[in-house]
Each structure stands twice: as structure tokens, then as C-alpha cells.
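Contents: one structure, followed by commentary.
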Amino acid sequence: MTFTAAPALSGSVAVPGDKSISHRSLMLSALAVGESRVEGLLEGEDVLATAAAMRAMGADIERDADGIWHIHGVGVGGLLQPETALDMGNSGTSTRLLMGLLASHDLTATFTGDASLSKRPMARVTEPLARMGASFTTSPGDRLPLTMRGACPAVPLDYRLPVASAQVKSAILLAGLNTPGITRVVEPIPTRDHSERMLRGFGAELDVEVEADETRIITLVGEAELKPQQIVVPGDPSSAAFPMVAALLVPGSQVTIANVGLNKTRAGLIDLLREMGGSIEVINPREVGGEPVGDLAVTASALKGVEPDPARAPSMIDEYPVAFIAAALAQGRSVFRGLEELRVKESDRIATMAAGLRAIGVTVEELEDGIIIEGSGGAPLAGGGPIATKLDHRIAMSFAVAGLVSRDGVMIDDMAPVATSFPTFVPLLRTLGALA
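Under the UniProt record's numbering, the residue at position 290 of the sequence shown is numbered 290, and the numbers go up by one with no gaps.
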């Protein structure tokens, strides 16, 4: 698909539900005894893979005509042996969190995935879960397909995260739900805290202690009893990033993005874009289901280059690709460092973005842990392509945004992966007037 220069964008739109919260809503509801109701669930392929896996292990999950999901859980420890392999598609979150969830259950499960997911390393999760008693047979390089055998009873773990990873933290905490005793995770660099918020909301005995240096010590009392909940999922800030950056870059644009989750562990991109000179106003701030939410009013702005603190990375790790597009249109040079985590996402996002940016006329220097981008000062990008997205949804959407501010348009080799997280992406751009 080719995306071409757009007229001023205008209107009010809503983005799909938060992917992280949607995954956790299904998993924790499946472990509660009784019926939970989830409104605003992201119905992308990644989350549907989680729903299918929970059904395969005994949970009753249905969507009604009004789009509300009803989950009848089996209780902590009540998951059943799946009859076939669990196909995780493209979803690293589904895979790593479910491995944690099953690690303390007496069952065996095989995890498979698509070509992109099968390249992603799983050792960061299998290593701590093995300490809790689970065993794994993996493909070369600790990759999928893999088979795990859970341990029941599992051994409680006291674990200091070697890398900032909400997925690893969450996997250990989910394993701790059915583990007698106290599971403890020490997090030197804070990451998204949806798991902690939701576990407490479902009734788990969980405590977070924050030390002077911002290290977080999370303790969970095992053999928990979870209570069913009514959940309203806020709009995904990672999805909101794309119309937000598009509105900043396309001259004359004024766009409102409704009901966006504003959890401080996820709001790094908003802070960055404001530092670059972007006009982003939060309207009607409120709290929904324990999560801060607001509407974002975004006005086209002249941006300047920036060199953000690498410590910001966990709060916007999924938003860096589209931040690179903003930097490509800024005045001056932007330097992004501390982004080693981007090399093990759905693609090597540093290398993939660098190659794509060069293909559309941007001067970049790829670093081992980041990238240096020379901005155009607001001048349209040359355009070109096709961009090799490497089956990565965020790469595809980032270069779609670049096409809206290009001279010759930007061709994307494959938009199909966008369905994993943002199935309404192209219709949303049409709503704003970006596409014919």
C-alpha cells in the first residue's frame, strides 16, 4: 500500500483498546472464579490469540453483540491441559505472559508462532521460570516452537530483573499466583505497571515498595484467590502514537484522540514530543478502572531535534519507531540511545527503521544501541520504497505516517501485520482526511 502527502488532518477519533491491558484482562479473568466483563477489549490478532489460548485451557470466553466480552474463569490452579499447541501468532506478550501463567500449573504446553515471533528470544523468561521448577524444550537459540512442563507446586522466586522488561516481570508474577509462599521481583528501572494494578484489582495480595533510587520491590503472596471484575479498557497509547505524530507533522492539522490511557509508565512519547515543540494538550483527565485516562488535543507544530535520556526508554519502548519519523521532520539532529531492547522486538527495529529511513531520503547513522537522525527542518521527505517491514506492525504504521509528509509517497511492502494491534488504522486515517 502507498501512503501519499495528506491535506490538513482534522476530527476526533478513538484508537483501539490498550493491548497490554487487554491481554492481562483475559488472563486474570480466566483465573478468577465467576464471570468478568471486559468492555473496550482490543480485538486485534494478538489479543485474540490470548483469548483462544485461555479457551483451550478451560475458560469460557464469549463476545456479545454489544462488543462486551464475558469470561467465566476456572480459578487459580484450575487451567486444563491444552489438547493442541498454543498458536501465539505474532504476539510476544501472549507467549511470555502465558509461559509464566502456566509455569506453576501441572500441565504441558507447546507454544508456536509466526515467522517473526519464532525469531524472538525467550531465554529471558525461561531462565527465571526454570528456577521456579518449570522445564523447557526450546528450538535453537531459545526460540519457538518450545514445549514447557509446569511445576506444581512451583518454588517461590526472589528475582532481580537484569533487563527492564514488563513481560519478564509479569511472567514471574503470574507464575507466583499459584505458587505457595512469596514471589518477589526487584525492578531497578520501572516498566509499565499494568500487571501490578490489575492483580491488586482482582484481589491478589501484592505490595510495591519504591526505594530512594526508584527501584521497585514487588512482592506477591501465592495461592491467590482472584475475584471477577468489570473492566473498561482505555485506548492504547502505543496506537494513539501514530495519529498523534501524524497530526503534529501534517501542516494545519488539528486532531483530538479520545480516551487514551495516560499511565505514567507509558507516557514517555508525549513528554518527548512536547520537548520537541509539539502541541499536545490533555483534555478531561480522569480515572477509569484504576488507570489514568484523557483526551489528547494535538495541533500541527514545528519540531526540533532532541537527545532524550536513555532512562526514558521503558516508558515509550514501542513508540520509538514513530518517534524516529517525528525526528526525521524536525529541525536539527536527534540522537536516540539506550535502545538495545528494540533489536529483539517483532523485528530488529533499529536496523529496520534505519534502512527504511534511508530508503525515503533521510540521513541516519545506526548505532549499536540506537540511531542518529538528521531532520529535514519540516520539509517533506523524499519518499520511496517499498519499505521492508519485516512483518512488524509498528514499522508499517510508522512509515505510513511518513508517507503523509512525503513528496513522492511511501510504499509499504505489507500492511497485513497491522491487524495484530490496530486493525482500524487505515480507516482511522481516512476519517481524519489523510487518504482518498
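From the three backbone atoms N, C-alpha and C, an ideal C-beta is built for every residue, glycine too.
Three-way DSSP call (helix, strand, coil) for T420 in this model: As a working note, residue 420 is residue 420 in the sequence shown. Note: T420 maps to helix in three-state DSSP.
Quick one: residues in its chain with C-beta nearer than 6 Å to the C-beta of E374, no 5 flanking neighbours on either side, listed in chain order? Mapped onto the sequence shown, residue 374 falls at position 374. Once the five neighbours on either side are set aside, the close Cβ partners of E374 are R333, T363.
Give the C-beta separation of T93 and Q167 to the nearest angstrom, bearing in mind that I take them to be a contact with Cβ-Cβ under 8 Å. Counted from its first residue, the sequence shown places residue 93 at position 93. Counted from its first residue, the sequence shown places residue 167 at position 167. Indeed, because the Cβ distance is near 6 Å, the residues count as touching under 8 Å.
Any contact of the segment 224-233 with the segment 376-394, i.e. 3+ C-beta pairs under 8 Å? no
Spatially closest choice to A302 from G377, L262, E291, E365, by CA coordinates: If you number the sequence shown from 1, residue 302 lands on position 302. Of the listed residues, the one whose Cα sits closest to A302 is G377.
If I measure Cβ to Cβ from K304 and keep anything under 7 Å in the same chain, skipping five residues before and after, which residues do I get? For this step, residue 304 is matched to residue 304 along the sequence shown. Hits under 7 Å: M276, G277, A330, Q331, G332.
Counting pairs of Cβ atoms below 8 Å between the segment 134-143 and the segment 178-190, do you hit three or more? no
Tell me whether G89 is buried or exposed, calling it buried when 16 or more other Cβ atoms sit within 10 Å of its Cβ. Within the sequence shown, the letter at position 89 stands for residue 89. Under this definition G89 is a buried residue.
Might you give, ordered along the chain, the residues of its own chain that have their beta carbon closer than 6 Å to the beta carbon of M353, omitting 5 neighbours on each side? Numbered from 1 along the sequence shown, position 353 holds the residue referred to as residue 353. Hits under 6 Å: P321, F324.
Return the bridge partner residues of G104 from the DSSP annotation. Residue numbering aside, residue 104 sits at position 104 when the sequence shown is read from its first letter. The amino acid occupying residue 104 in the given sequence is Ser; Gly does not appear at that position. BP columns for S104 are empty, so no partner.
In the segment 40-77, which residue ranges form an unbroken beta strand (DSSP E) of at least 3 residues, counting only runs that do not cross its ends? 60-63, 69-74
CB A59 to CB V74, shorter than 8 Å? Counting from 1 along the sequence shown, the entry for residue 59 is found at position 59. Counting from 1 along the sequence shown, the entry for residue 74 is found at position 74. The answer is yes: Cβ separation under 8 Å.
Which ranges does the alpha helix (DSSP H) cover as unbroken runs of at least 4 residues, wholly within the segment 175-257, from first to last along the chain? 194-201, 237-249
Going by DSSP, name the residue or residues bridged to V260. Working through the sequence shown from its first residue, we reach residue 260 at position 260. Beta-bridge pairing links V260 to G235, G294.
By the three-class DSSP mapping on this structure, what secondary structure does S91 have? Along the sequence shown, read from residue 1 onward, the residue named residue 91 stands at position 91. Three-state result, S91: coil.
Just how far apart, CA to CA, sit S253 and A8? Within the sequence shown, the letter at position 253 stands for residue 253. Within the sequence shown, the letter at position 8 stands for residue 8. Approximately 5 Å, taken between the alpha carbons.
Among V232, A6, L177, whose alpha-carbon lies nearest the alpha-carbon of G261? Here the question's residue 261 lines up with position 261 in the sequence shown. The shortest C-alpha separation from G261 is found at V232.
Classification of S170 by the beta-carbon crowding that lies within 10 angstroms, buried from 16 upward: Counted from its first residue, the sequence shown places residue 170 at position 170. Under this definition S170 is a buried residue.
Please determine, among P16, A351, P121, V155, the residue with the shortest C-alpha to C-alpha distance to A130. Taking the first residue of the sequence shown as position 1, residue 130 is located at position 130. Ranking P16, A351, P121, V155 by Cα distance to A130 puts V155 first.
Spatial neighbours of residue 439 within its chain, please: C-beta separation below 6 Å, excluding the five flanking residues on both sides. Look at the range of the chain in this structure, 1 to 436, and you will see that residue 439 is not part of it.
Would you check if the distance between the CB atom of L339 and the CB atom of A313 is smaller than 8 Å? Position 339 of the sequence shown, counted from the first residue, corresponds to residue 339. Position 313 of the sequence shown, counted from the first residue, corresponds to residue 313. Contact: yes.
What do you reckon, are the CB atoms on residue 456 and G17 nearer than 8 Å? Absent from the model: residue 456. The displayed extent of the chain is 1 to 436, so no value can be given.
Does DSSP put I360 in a helix, a strand or coil? By one-based count along the sequence shown, residue 360 stands at place 360. I360 falls in the coil class under three-state DSSP.
If you check the beta carbons only, do A297 and L248 fall under 8 Å apart? As a working mapping, residue 297 is identified with position 297 in the sequence shown. As a working mapping, residue 248 is identified with position 248 in the sequence shown. No, they are not a contact pair.
So, at 6 Å on beta carbons, what are the nonlocal neighbours of A85 in its own chain, with the 5 sequence-adjacent residues on each side left out? Translated into the one-based positions of the sequence shown, residue 85 becomes position 85. Excluding residues within five positions, the ones whose Cβ falls inside 6 Å are T110, T112.
Run through DSSP, which three-state label would D158 get? One-based indexing of the sequence shown puts residue 158 at position 158. D158: strand per DSSP, three-state reduction.
Using 8 Å as the cut-off, can you tell me whether the segment 66-73 makes contact with the segment 113-129, which would need three or more C-beta pairs spanning the two stretches below that distance? no
If you draw a straight line from the C-alpha of D369 to the C-alpha of R337, how long is it? The sequence position of residue 369 within the sequence shown is 369, counting from 1. The sequence position of residue 337 within the sequence shown is 337, counting from 1. So the two alpha carbons sit approximately 5 Å from each other.
Report the rounded CA-to-CA distance for R24 versus E281, giving the unit in angstroms. By 1-based counting over the sequence shown, the position of residue 24 is 24. By 1-based counting over the sequence shown, the position of residue 281 is 281. Going from the Cα of R24 to the Cα of E281 covers about 29 Å.
Sheet register partners of V288 (DSSP bridge): Against the sequence shown, residue 288 aligns to sequence position 288. V288 pairs with E291.
Let me make sure I understand the geometry here. Which of A240, P237, I350, M198 has the alpha-carbon closest to that of G290? On the sequence shown, position 290 is the one that residue 290 refers to. The residue with the shortest Cα to Cα distance from G290 is M198.
Taking the alpha carbon of P121 as the reference point, which residue from E346, L404, G361 has its own alpha carbon closest? As a position in the sequence shown, residue 121 is number 121, starting the count at 1. Of the candidates E346, L404, G361, the one whose C-alpha sits nearest the C-alpha of P121 is E346.
Give the secondary structure of E346 by DSSP, where H, G and I count as helix, E and B as strand, and everything else as coil. As a position in the sequence shown, residue 346 is number 346, starting the count at 1. Here E346 sits in coil by DSSP.
For V418, I'd like the list of residues in its chain whose CB is within less than 8 Å of its CB, leaving aside the five on either flank, ordered along the chain. In the sequence shown, residue 418 corresponds to position 418, counting from 1. Here the set comprises H393, A396, M397, F425, V426.
Taking the alpha helix (DSSP H) that R24 belongs to, which residues open and close that run? The count along the sequence shown starts at 1 and reaches residue 24 at position 24. Its alpha helix (DSSP H) spans residues 19-31.
Between which two residues does the beta strand (DSSP E) harbouring S139 extend? On the sequence shown, position 139 is the one that residue 139 refers to. That run of the beta strand (DSSP E) goes 135-139.
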